[in-house]
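Below is one structure, written out as structure tokens, with a few remarks after it.
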Amino acid sequence: MLNKQESRAVILEQFNPSLKNFVTMGKQYEKALTGVTLAAKGYFDALVKLGELASDSQGSKELGDTLFQMAEVHRQIQVQLEDMLKLFHSELLSQLEHKLDLDIKYLTVSQADPCRLFLSIPGPLKLSDA
Numbered sequence: 335m336l337n338k339q340e341s342r343a344v345i346l347e348q349f350n351p352s353l354k355n356f357v358t359m360g361k362q363y364e365k366a367l368t369g370v371t372l373a374a375k376g377y378f379d380a381l382v383k384l385g386e387l388a389s390d391s392q393g394s395k396e397l398g399d400t401l402f403q404m405a406e407v408h409r410q411i412q413v414q415l416e417d418m419l420k421l422f423h424s425e426l427l428s429q430l431e432h433k434l435d436l437d438i439k440y441l442t443v444s445q446a447d448p449c450r451l452f453l454s455i456p457g458p459l460k461l462s463d464a
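Residue numbers for the sequence shown follow this note's numbering, so the first one is 335 and each next one is one higher.
And the structure:
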């Protein structure tokens with residue numbers, strides 16, 4: 335069984351770097367999806383233009399309608415992707431990053447001077463009746 339010092343060392347040296355790497359990879363994933371979103375908007379605009387051109391012609395009116403339907407479905411997918419990206423950032427990445435920062439501060443303070451730990455705890459300290 336690990337003592338407190340060994341536990342802190344494991345957290346600081348193994349878990350936290352892995353979590354930090356996970357957050358970094360998540361940010362890169364988010365950035366890549368944002369790039370895909372921008373490219374998809376260009377594709378969507380081109381699809382709409384093709385639909386407009388096709389709708390103007392008698393022989394390709396059905397093709398134009400189909401292209402407009404495809405563009406609408408694609409737009410709905412993009413809106414869902416953008417919403418998912420916002421949630422991914424706010425609910426996962428920023429929360430993990432914040433908790434990681436707090437964890438590092440807590441472990442650093444507790445490792446340096448365990449007595450200072452009580453100074454960093456917000457609110458009154460409640461002791462249970464023994």
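Glycine residues also receive a C-beta, built at the ideal position from the N, C-alpha and C atoms.
None of the values given here were measured: they were computed from a predicted structure.
Own chain partners of residue i with C-beta closer than 8 Å, once the 5 adjacent residues on each side are dropped
i      : result
PHE349 : none
ARG409 : PHE378
LYS375 : GLN412
SER391 : GLY398
LEU434 : ASN350, LEU353, LYS354, VAL357
PHE402 : VAL382, GLY385, SER389
Top-ranked residue by Cα proximity to residue i, from the options
i      : options                        : result
LEU421 : LYS361, LEU353, ASN337         : LYS361
LEU415 : GLU347, TYR363, PRO351         : TYR363
LEU436 : SER391, ILE345, LEU381, LEU387 : ILE345
MET359 : HIS423, TYR440, ILE438         : HIS423
Residue i, enclosing alpha helix (DSSP H) - first and last residue
i      : result
GLN362 : 350 to 390
ILE411 : 395 to 421
Supposed contact pair residue j and residue i - C-beta distance, whole angstroms, cut 8 Å
i      : j      : result
LEU419 : THR368 : 7 Å
VAL382 : ALA405 : 5 Å
Beta-carbon contacts of residue i that lie in its chain and below 6 Å, excluding the five residues immediately before and after
i      : result
GLU431 : VAL357
SER394 : ALA388
ALA366 : none
Spatial neighbours of residue i in its chain, beta-carbon cut-off 7 Å, leaving aside the 5 residues before and after
i      : result
ALA343 : none
ALA464 : For ALA464, the predicted structure reports a pLDDT of 40, less than 50, and the residue's modelled location is therefore unreliable. The matter cannot be settled from this model.
THR442 : none
LEU461 : Unreliable positioning characterises LEU461 in this predicted model, as indicated by a pLDDT of 47, which lies under 50. A coordinate reading is not provided.
ILE438 : ASN350
Cβ of residue i within 9 Å of any chain C Cβ
i      : result
ALA343 : Of the protein chains in this structure there is only one, and it is not chain C.
Residue i: CB within 8 Å of a non-hydrogen atom of the ligand FAD
i      : result
GLN410 : Ligands displayed in this structure: none; no statement on the ligand FAD is therefore possible.
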